[in-house]
Ligand SMILES: Cc1cc2nc3c(=O)[nH]c(=O)nc-3n(C[C@H](O)[C@H](O)[C@H](O)COP(=O)(O)OP(=O)(O)OC[C@H]3O[C@@H](n4cnc5c(N)ncnc54)[C@H](O)[C@@H]3O)c2cc1C
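In this note's numbering, the protein residues as written are 433 to 928.
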């Protein structure tokens with residue numbers, strides 16, 4: 433793959449620009465044409481970031497806090513973290529397929545950064561490492577578990593440990609902490625071990641795969657922590673909609689924002705597109721066709737008053753397709769109705785986890801069975817049958833949930849869009865307009881990947897050294913004929 437030259441390599445870079453600023457120098461040429469000594473206001477900025485979702489917030493944090501860039505403005509027409517970034521299930525994993533190790537390497541870096549932030553903040557966003565527990569009732573899937581675990585280990589997810597005897601040393605997870613927990617993958621095929629540690633799963637489970645450098649955290653707390661740290665370094669939030677991006681001599685010159693106080697123009701040499709599901713329309717303002725599409729995804733939350741899902745459970749996923757459980761009477765009724773699809777097989781992947789600490793009884797469930805690309809519109813309309821479908825599906829794996837089928841609990845449904853590239857790898861790097869960058873296409877993994885995406889973005893902007901996986905996330909990867917050929921035979925997307 434070709435490596436695009438970072439925009440600022442060879443010229444002064446941001447540190448140089450700040451130095452020039454401190455020295456009161458006025459820059460010219462391709463540098464900082466809008467610098468106005470002594471009058472830093474919302475009418476000028478060194479960088480304007482469009483979008484205060486987790487992508488834009490993480491970008492501001494990495495640029496301002498970790499790279500010392502000053503005079504950054506984030507523009508959003510909504511309050512921060514409220515369009516997609518508050519809809520997430522807030523899980524993270526270094527469990528990703530190839531090709532190549534780019535995804536695992538990037539996610540390991542993101543988790544390293546999350547752990548650093550958790551440590552420095554006293555774990556304000558309650559990061560755990562309970563793992564992702566995949567379960568199957570199909571003996572034919574067992575070799576697939578072993579193959580997937582071996583592949584993940586080869587890609588850098590950590591070692592594989594096989595547990596096929598009652599005495600095998602399987603280390604259970606800790607419910608709250610991420611420290612001193614194993615990484616890698618445990619594959620358990622011994623029934624007594626399965627029953628001892630996960631007795632709440634269906635009796636016909638034949639194998640478990642426990643991916644360990646995985647878990648969850650509060651995405652809102654993470655986002656607020658990053659935003660507050662960025663604001664401490666002077667990052668400013670401007671309420672409004674980015675309506676235009678103007679260029680001069682082929683590079684970004686200013687951003688027009690319409691907001692509560694009317695329309696204003698912010699002169700800036702750098703623009704970061706972090707528009708989440710609205711990325712395509714933002715790209716059009718720059719004359720760039722950004723190759724992303726959206727899928728609608730929802731989650732449900734309900735109070736598990738019967739305690740079907742243990743409060744210390746990991747994120748648990750059923751790896752087999754499912755036929756929803758219905759009584760004979762319900763089956764007959766559905767067969768003759770417009771809802772007969774509910775009798776068909778649903779794809780593998782229903783999953784869920786307990787949510788909240790202390791007295792919380794809340795459980796989150798997700799099932800990605802409908803992945804039609806769709807135009808993003810708001811508010812999002814959800815399938816009213818979704819909560820029932822998910823609870824029924826999940827009861828295949830956790831029989832304790834069947835007690836709810838005769839009288840469904842009141843479930844809270846919300847969701848948003850996964851904004852994706854065709855191979856489900858995010859975008860972080862320069863756009864083909866000088867001074868413009870993108871951080872987006874974070875799909876269903878944006879909370880966990882926002883740190884590495886912002887780390888890459890900031891390295892591109894400041895001309896810092898790029899890691900080996902950087903090119904796998906740049907837009908110009910699609911210019912490479914070898915990559916385009918690879919796309920034709922791309923395997924799994926890693927979406928759960
Ligand atoms: C149901 C569901 C479950 C998920 N589960 C997980 C999970 O378990 N783990 C995980 O890591 N991720 C998960 N995700 C994915 C994650 O939530 C997203 O990847 C992430 O929130 C995307 O962040 P973003 O900043 O790119 O977009 P957004 O949060 O949508 O932010 C984009 C912002 O840009 C602003 N904007 C756009 N255009 C303009 C404009 N012209 N002017 C001004 N402002 C503009 C918008 O107002 C918005 O605030 C899940 C997502 C969903 C929907």
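Every residue, glycine too, gets a C-beta built ideally from N, C-alpha and C.
- The stretch 612-622 makes no contact with the stretch 655-668; the number of CB pairs closer than 8 Å stays below 3.
- In the DSSP assignment, residue 688 falls within the unbroken beta strand (DSSP E) covering 683-691.
- Our two residues, residue 684 and residue 645, have alpha carbons roughly 40 Å apart in a direct line.
- Residue burial is scored here from C-beta neighbours: residue 560 has at least 16 other C-beta atoms within 10 angstroms and is therefore classed as buried.
- Going by C-alpha positions, residue 763 is about 15 Å away from residue 820.
- Counting only runs that start and end inside the stretch 798-885, the alpha helix (DSSP H) elements of at least 4 residues fall at 818-827.
- Residue 680 sits in a strand when the DSSP states are folded into three classes.
- Under the DSSP assignment, residue 618 falls in the beta strand (DSSP E) whose first and last residues are 617-620.
- Inclusion of residue 504 and residue 484 in the CB contact set at 7 Å is not warranted, their separation being larger than that value.
- Contact between the stretch 866-885 and the stretch 825-842 is absent, with fewer than three C-beta pairs closer than 8 Å.
- Of the heavy atoms belonging to ligand 1, at least one sits nearer than 6 Å to the Cβ of residue 674.
- Per DSSP, reduced to three states, the secondary structure at residue 669 is strand.
- Remark: C-beta atoms of residue 860 and residue 905 approach each other more closely than 7 Å.
- Counting along the chain, the unbroken alpha helix (DSSP H) around residue 577 starts and ends at 574-587.
- Residue pairing by DSSP places residue 564 opposite 643, 747 in a beta bridge.
- Only exposed fits residue 596, as fewer than 16 other CB atoms lie within 10 angstroms of its CB.
- Residue side-chain check: residue 486 places its Cβ nearer than 6 Å to a non-hydrogen atom of ligand 1.
- In this chain, the beta strand (DSSP E) harbouring residue 508 covers 504-508.
- Here the stretch 634-649 makes contact with the stretch 552-567; the two share three or more CB pairs at distances below 8 Å.
- In the three-state scheme derived from DSSP, where H, G and I count as helix and E and B as strand, residue 637 is classed as coil.
- Shown here, residue 594 sits in a strand according to DSSP, grouped into three states.
- Each of 508, 480, 509 was checked against the Cα of residue 495, and the nearest Cα belongs to 480.
- In this structure, ligand 1 has a non-hydrogen atom nearer than 6 Å to the beta-carbon of residue 707.
- Between residue 797 and residue 822, the CB-CB gap stays under 7 Å.
- A direct Cα-to-Cα measurement between residue 787 and residue 700 gives close to 42 Å.
- Set against 6 Å, the gap from the CB of residue 515 to the closest heavy atom of ligand 1 is smaller.
- The shortest CA-to-CA distance from residue 718 to any of 657, 674, 599 is the one to 674.
- For residue 493, the number of other beta carbons within 10 angstroms of its own is at least 16, and it is reported as buried.
- Relative to residue 715, the option among 888, 514, 920, 868 whose CA is nearest is 868.
- Note that the stretch 624-641 touches the stretch 738-753; at least 3 beta-carbon pairs, one per stretch, sit closer than 8 Å.
- Taking 7 Å as the cut-off, the beta carbon of residue 489 is found closer than this to the beta carbon of residue 655.
- Residue 732 is bridged by DSSP to 797, 845.
- According to the DSSP assignment, residue 543 belongs to the alpha helix (DSSP H) that extends over 534-552.
- In the structure shown, the three-state DSSP call for residue 624 is helix.
- Boundaries for residue 772: no alpha helix (DSSP H) harbours it, and the DSSP string shows neither H nor E there.
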